[in-house]
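Listed in order, the protein sequences are those of chains A and B.
If you count by the numbering used here, then the first sequence holds residues 2 to 246, one letter each, in order.
If you count by the numbering used here, then the second sequence holds residues -13 to 240, one letter each, in order.
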Amino acid sequence: MKYLHDIGSYFLMLKDVFSRPTKGSVLRELVLKEVDELIINSLGIVAFISFFVGGVVAIQTALNIDNPLIPEYLVGFATRQSIILEFAPTFISIIMAGKMGSFITSSIGSMRVTEQIDALEVMGINSLNYLVFPKVIALLFYPFVIAISMFLGILGGWVAGVYGGFSTSEAFIQGLQEDFITFHVIYAFIKTFVFAFILATVPSWQGYFMKGGALEVGKASTNSFVWTSVLIILTNYIVTSLLLS
Amino acid sequence: MITVENLHKSFGSEHILKGLSTTFDKGKTNLIIGQSGSGKTVFLKCLLGLFEPEDGRIIFEDRAIQDMDEEEKRRLRENMGMVFQGSALFDSMNIEENVMFPLRMFSKKKKSEMLDRVNEVLARVNLENVNKKYPSEISGGMQKRVAIARAIVNNPKYLFCDEPNSGLDPRTAILIDNLIQEITREYNITTVINTHDMNSVMEIGEKIVFLQKGNLAWQGDNTQIFKTDNKDVTDFVYSSDLFKKIRDVQIKEG
Ligand SMILES: Nc1ncnc2c1ncn2[C@@H]1O[C@H](COP(=O)(O)OP(=O)(O)O)[C@@H](O)[C@H]1O
Ligand SMILES: [Mg+2]
């Protein structure tokens, strides 16, 4: 029952997020600020994780295939497939549910408990549009983050594969090109857009409707991570069954 | 002037405001007093339209908010200013941006004109040279002044203050009270203030509404409040030892 009520409040919130828009000049500033805080500030950690996990994927694949009948280019092929299909769009989004999500929930939640949201409402401002809409727009840039993750993940795989002596550079690059299906990339970016929307709205919803004080802001951030990551996993399953099978 | 008729507000099964009727006068500091939890904040938020009452009418001059459409409500909002209990300044903005915020959202003025107005109201609340500071970098008393400046920057007809001097030392508290009273008179605003502070009652209680567990138990002004024999009111007024002693001395001296 409680879950049904929660889910209902989420969709009612979306309706307000997309109505009574904030004045254009103010909106532009808000979007730029969100792009900086959510997108630019995430690039470092995404680059770091992608590069090293890409390396580990290549090493693991290589170590698991010492059968001489299996071609060497498989290392590059397997790295490409796992990075593009799952690691970059899904795994990075789960990490972002922790990083971006808890940032969004705690910043909106602390505005709630210190009555800053009431202050916006008193001024006649649609606080949901003011606070959440710029995040939705800023996260239209999220696919760039995932593209960078894909590139660096594969680069990490190449570095680990070639310099670790698991594959030659030629074989690795041959593997990257082997059986390339453009639709896989399209599928990955469709997922990414869906995850971006979840990342912008679910943590906002957790922060906006929280009650209590500073302690509850912490609890809301944890809840927000659980909700966001569970939703990402579920929609990943749904989108994959719809598009790939 | 604001007229309240038979106002009821509940949260779930909890009946918080139980049929309040009163008026708040223009150009005066109207006080809502009562113990913590008596429903003062809920009452104020009903006046502001942040809470929707189940029953009753709130009439601004001669228009009831219950009869207004969304557009008329929005215009009414533009004529309201609010000072929140914890000031509720936007932490992500500096003082100047905080005070300019309502102007930026609603007026079509040029940036330089807005800035002039911001400096004018900051000067009015005796704050200078803090424009570029952030809320966390100034004292609680200064934050209250900024909150007042932000509330009056659009020339509101109605000003609401929720415990404007809570958390301040007694001297600063009186300065803030006096500032609100001066502004109220100067601009002929209908001001409604929540407080449980007897100093405020004595200083600026031009009209006092006493709430007791969601009922309007007494109303009057700050001379009448010391003469009433309503037991709930006297319990509240003389809950501080100081006031009790003053009363006893006065009684002894006849
Ligand atoms: N948003 C809310 N939801 C449920 N109950 C509330 C809400 N706001 C206030 N209350 C309840 O209303 C009562 C009066 O609170 P309040 O008006 O804040 O008192 P005060 O006189 O101290 O300002 C309290 O019992 C409080 O728990
Ligand atoms: Mg209160």
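Each residue gets a CB set at the ideal place from its N, CA and C atoms; glycine is no exception.
Of the residues A:ASP7, A:GLY219 and A:GLU122, which one's Cα is nearest the Cα of ARG60 (chain B)? Here residue 60 (chain B) corresponds to residue number 74 of the second sequence, with the count starting at 1. Nearest of A:ASP7, A:GLY219 and A:GLU122 to ARG60 (chain B), Cα basis: A:GLU122.
If ILE18 (chain B) sits next to LYS26 (chain B), beta carbons under 8 Å apart, how far is it from one beta carbon to the other, in whole angstroms? Walking along the second sequence from the start, residue 18 (chain B) turns up at place 32. Walking along the second sequence from the start, residue 26 (chain B) turns up at place 40. The Cβ separation is near 5 Å, so the contact holds.
How would you write the range of the alpha helix (DSSP H) that THR241 (chain A) sits in, first residue to last? By one-based count along the first sequence, residue 241 (chain A) stands at place 240. Its alpha helix (DSSP H) spans residues 215 to 245.
SER122 (chain B): which of B:SER73, B:LYS193, B:ASN65 and B:GLN167 sits nearest, CA to CA? For the purposes of this step, residue 122 (chain B) is identified with residue 136 of the second sequence, where counting begins at 1. Cα-wise, what sits closest to SER122 (chain B) is B:SER73.
Closer than 7 Å at the beta carbon, the chain A residues around PRO142 (chain B): In the second sequence, residue 142 (chain B) corresponds to position 156, counting from 1. None at all; the shortest Cβ gap to chain A is about 10 Å.
Which residues in chain A have a C-beta closer than 8 Å to the C-beta of GLY72 (chain B)? List them in chain order. Numbered from its first residue, the second sequence carries residue 72 (chain B) at position 86. Going along chain A in sequence order, the residues near GLY72 (chain B) (Cβ under 8 Å) are THR115 and GLU116.
Please list the terminal residues of the continuous alpha helix (DSSP H) segment that includes HIS185 (chain A). On the first sequence, position 184 is the one that residue 185 (chain A) refers to. Counting along the chain, the alpha helix (DSSP H) containing HIS185 (chain A) begins and ends at 183 to 209.
Those runs of the beta strand (DSSP E) which lie wholly inside the stretch 71 to 108 of chain B and span at least 3 residues: none
Pull the bridge partners of HIS(-6) (chain B) from the DSSP assignment, please. Reading the second sequence from its first residue, position 8 is the one you call residue -6 (chain B). HIS(-6) (chain B) pairs with B:LYS4 and B:ASP41.
Does the distance from the C-beta atom of GLN(-10) (chain B) to that of THR8 (chain B) stay below 7 Å? Along the second sequence, read from residue 1 onward, the residue named residue -10 (chain B) stands at position 4. Along the second sequence, read from residue 1 onward, the residue named residue 8 (chain B) stands at position 22. It is Val, not Gln, that sits at residue -10 (chain B) in the sequence shown. Their beta carbons are under 7 Å apart, which means VAL(-10) (chain B) touches THR8 (chain B) by this criterion.
For SER186 (chain B) and PHE247 (chain B), the rounded distance between their alpha carbons: Nothing about residue 247 (chain B) can be reported from this structure: the residues present for chain B run from -13 to 240 only.
Name the chain A residues whose beta carbon is nearer than 7 Å to that of ARG49 (chain B)? Counting from 1 along the second sequence, the entry for residue 49 (chain B) is found at position 63. The premise fails here: ARG49 (chain B) is roughly 16 Å from chain A at the closest Cβ pair, so nothing lies under 7 Å.
Exposure label - PRO69 (chain A); buried when at least 16 CB within 10 Å: The residue given as residue 69 (chain A) occupies position 68 in the first sequence. Exposed.
PRO142 (chain B) and GLY67 (chain B): beta carbons closer than 7 Å? On the second sequence, residue 142 (chain B) is found 156 positions in, with the first residue counted as 1. On the second sequence, residue 67 (chain B) is found 81 positions in, with the first residue counted as 1. Yes, the Cβ-Cβ distance between PRO142 (chain B) and GLY67 (chain B) is below 7 Å.
So LYS24 (chain A) contacts chain B; which residues on that side make the cut at Cβ distance below 9 Å? For the purposes of this step, residue 24 (chain A) is taken as the residue at position 23 of the first sequence. Under the 9 Å cutoff, chain B gives ARG90, MET91 and PHE92.
Residue-chain proximity (ALA120 (chain A), chain B), Cβ-Cβ < 7 Å: Translated into positions along the first sequence, residue 120 (chain A) becomes position 119. So, interface residue.
Give the single residue among B:GLN236, B:LEU165 and B:ILE179 whose Cα lies nearest to the Cα of TYR173 (chain B). Taking the second sequence and counting its residues from 1, the one referred to as residue 173 (chain B) is at position 187. Answer by Cα proximity: B:LEU165.
For ILE179 (chain B), is the beta carbon positioned less than 6 Å from some heavy atom of ligand 1? As a working note, residue 179 (chain B) is residue 193 in the second sequence. Checking every heavy atom of ligand 1 against the Cβ of ILE179 (chain B), none is found closer than 6 Å.
By how many angstroms is the C-alpha of LEU200 (chain A) removed from the C-alpha of LEU129 (chain A)? Working through the first sequence from its first residue, we reach residue 129 (chain A) at position 128. Working through the first sequence from its first residue, we reach residue 200 (chain A) at position 199. Those two C-alpha atoms are separated by around 16 Å.
Answer yes if the stretch 110 to 120 of chain A comes into contact with the stretch 196 to 211 of chain A, meaning at least three C-beta pairs across the two stretches below 8 Å, and no otherwise. yes
From the beta carbon of GLY214 (chain A), is the nearest beta carbon of chain B less than 7 Å away? Stepping through the first sequence from its first residue, residue 214 (chain A) is reached at position 213. So no, GLY214 (chain A) is outside the interface.
Can you check the stretch 32 to 96 of chain A for any alpha helix (DSSP H) of at least 4 residues that lies completely inside it and give the ranges in chain order? 44 to 65 and 75 to 83
Terminal residues of the continuous beta strand (DSSP E) containing ASN201 (chain B)? The sequence position of residue 201 (chain B) within the second sequence is 215, counting from 1. First-last of the beta strand (DSSP E) with ASN201 (chain B): 201 to 206.
Near SER150 (chain A), which residues of its chain fall below 6 Å by C-beta distance, leaving aside the five closest residues on each side in sequence? Start at 1 with the first residue of the first sequence, and residue 150 (chain A) comes out as number 149. Once the five neighbours on either side are set aside, the close Cβ partners of SER150 (chain A) are VAL47, SER51, ALA89 and ILE93.
Return yes when at least one heavy atom of ligand 1 lies under 6 Å from the C-beta of THR8 (chain B), else no. As a position in the second sequence, residue 8 (chain B) is number 22, starting the count at 1. THR8 (chain B): no, Cβ never under 6 Å from ligand 1.
For the pair the stretch 11 to 26 of chain A and the stretch 124 to 143 of chain A, tell me if three or more CB-CB distances fall below 8 Å. yes
C-alpha distance - LYS119 (chain B) paired with GLN129 (chain B), whole-angstrom precision: Walking along the second sequence from the start, residue 119 (chain B) turns up at place 133. Walking along the second sequence from the start, residue 129 (chain B) turns up at place 143. Approximately 11 Å between the Cα atoms of the pair.
Using a Cβ-Cβ cutoff of 9 Å, what residues of the stretch 56 to 69 of chain B are near chain A? List them in chain order. LYS59, ARG60, ARG61, LEU62, ARG63, GLU64, MET66, GLY67 and MET68
Would you say the beta carbon of LYS26 (chain B) comes nearer than 6 Å to a heavy atom of ligand 2? Position 40 of the second sequence, counted from the start, is the residue given in the question as residue 26 (chain B). Within the cutoff, so yes.
Report the option in A:PHE152, A:LEU5, A:THR202 and A:PHE226 whose CA atom is closest to the CA atom of GLU80 (chain A). In the first sequence, counting from the first residue as 1, residue 80 (chain A) sits at position 79. Position check: residue 80 (chain A) holds Thr in this sequence, whereas Glu was assumed. Residue A:PHE152 is the option with its Cα nearest to THR80 (chain A).
Indicate whether the contact test is met: 3 or more Cβ pairs, each with one atom in the stretch 226 to 242 of chain A and one in the stretch 23 to 31 of chain A, closer than 8 Å. no
Taking only heavy atoms of ligand 1 into account, decide whether any of them is closer than 6 Å to the Cβ of SER22 (chain B). Within the second sequence, numbered from 1, the residue matching residue 22 (chain B) stands at position 36. Yes, ligand 1 has a heavy atom inside 6 Å of this Cβ.
Roughly how far, in whole angstroms, is the beta-carbon of TYR144 (chain B) from the beta-carbon of ILE(-12) (chain B), given that I think they are within contact range, below 8 Å? For the purposes of this step, residue 144 (chain B) is taken as residue 158 along the second sequence, with counting starting at 1. For the purposes of this step, residue -12 (chain B) is taken as residue 2 along the second sequence, with counting starting at 1. Sure, about 7 Å apart at Cβ, within 8 Å.
Taking just the CA atoms, how far does GLY127 (chain B) sit from GLY153 (chain B)? Mapped onto the second sequence, residue 153 (chain B) falls at position 167. Mapped onto the second sequence, residue 127 (chain B) falls at position 141. If you take the alpha carbons of GLY153 (chain B) and GLY127 (chain B), they lie about 9 Å apart.
Taking the DSSP output, what are the residues bridged to GLN198 (chain B)? Your numbering for residue 198 (chain B) matches position 212 in the second sequence. DSSP output for GLN198 (chain B) lists B:ASN201 as bridge partner(s).
Near LYS199 (chain B), which residues of its chain fall below 7 Å by C-beta distance, leaving aside the five closest residues on each side in sequence? Position 213 of the second sequence, counting from 1, holds the residue named residue 199 (chain B). Contacts found: SER24.
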